[in-house]
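Position in the sequence shown (from 1) plus 233 gives the number in the numbering used here.
Presented below is the structure to which this report refers.
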Amino acid sequence: MVRKDGRLPDQLRPVRIHRHFLRPSAGSVLIEFGNTRVICTANIEEQVPPWLMEQKRGWITAEYGMLPGATSPRKARERSGRVDGRTAEIQRLIGRSLRAVTNLEALGPRSIIVDCDVLEADGGTRTAAITGAWIALVDAVRQLASQHNLSTSQVIRHSVAAVSVGVVEGQILLDLNKEEDNAAAVDFNFVIASSGKLVEVQGTAEQTPFSEEDLLAMLALARPAACQLFRLQREALGEDWPLSESEVAFPL
């Protein structure tokens, strides 16, 4: 099966990563999955939430938003700190994904706030955000490491990337664009660490239930795709890649 955009079922959209996209932030990345474009920034605060003050460890949290012009029709701005259910779900997912691969004790009593702002939404905004946010996080930790007595590799334990997989017209497809996502009978998001372990799996039968065999087949597409994303993260970071070969389960 060849998809409408010319891809094979197991093929990612073109992924482009532009590091150091915004100068004021400690880490910043513009990441593109096809026509989906997300700016990810990471900034440091020398404090933690009150409930963490006695635990002597750091914190990583995320905020996610979509610019009004990112979709058609226009999406109204979320004001006064109020976010809708989808936004809250996605920003919590991003935060959990980053914390799962970070040594918060080594980070020390400080916070890193990651912001993921969608410029254009054509499906897979959360997966693009997670994949790009990790690079922004690494650059923020690098800035910390240059100012304090710690190393990036102490804080960053693994890489993390995410990809969507769905069932469209009976065919399992990787990295759904918006049209495919809207037509999907089953829709999954896989968040995978470079250790090979799963960080989070989100799956829904939008139209018809799926079998265990379907789930395993979707995971079988997601794993090599995550490996491709790890390679692109490593290429984007170059000499600043923080992980040793022993910390990566996939050949990069």
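Here a beta-carbon is modelled for each residue, glycine too, at the ideal position from N, C-alpha and C.
The bridge partners DSSP lists for Gln404 are Val401. The alpha carbon of Thr441 has as its nearest neighbour, out of Glu402, Arg467, Asp355, the alpha carbon of Glu402.
With a cut-off of 8 Å on Cβ pairs, the stretch 407-426 is not in contact with the stretch 373-384, counting fewer than three such pairs. Taking a contact as a CB-CB distance under 8 Å, the pair Ser427 and Val388 does not count as one, their CB atoms being some 15 Å apart. Partner residues in the beta bridge of Arg252, as assigned by DSSP, are Val262. Under a 10 Å Cβ-count criterion, Glu265 is classified as buried, with 16 or more other Cβ atoms of the shown protein chains found around its own Cβ. Taking a C-beta distance under 7 Å as the contact criterion, Ala438 and Ile405 do not qualify as a contact pair. Per DSSP, the continuous alpha helix (DSSP H) segment holding Ile363 begins and ends at 358-380. In the DSSP annotation of this structure, the continuous segment of the beta strand (DSSP E) that includes Asp348 starts and ends at 344-353. Distances from the alpha-carbon of Val396 to those of Asp420, Ala459, Ala339, Phe443 put Ala459 closest. When only Cα atoms are considered, Val334 and Asp317 end up about 27 Å apart.
Between Gln288 and Gln280, the alpha-carbon positions lie close to 12 Å from each other. In this structure, Asp473 lies away from Asn410, with their beta-carbon atoms at least 7 Å apart. An exposed status is given to Val235, since fewer than 16 other beta-carbon atoms sit within 10 Å of its beta-carbon. Straight-line measurement puts the Cα of Ile363 at about 11 Å from the Cα of Arg325. For Ala275, the enclosing beta strand (DSSP E) stretches over residues 269-278. In terms of CA proximity to Leu340, Ile277 leads the group Ala321, Ser261, Ile277. Here Ser392 is buried: its Cβ has 16 or more other Cβ atoms, across all protein chains shown, within 10 Å. Separation of Ala455 and Gly291 (C-alpha to C-alpha, rounded to the nearest whole angstrom) is 31 Å. For Arg252 and Ile368, the gap between their C-alpha atoms comes out near 8 Å. In terms of Cβ geometry, Ala361 and Gly260 do not form a close pair [threshold 7 Å]. For Asn422, no alpha helix (DSSP H) encloses it; the enclosing beta strand (DSSP E) starts and ends at 419-426.
Across the structure, Val424 and Phe463 are spaced so that their CA atoms are roughly 12 Å apart.
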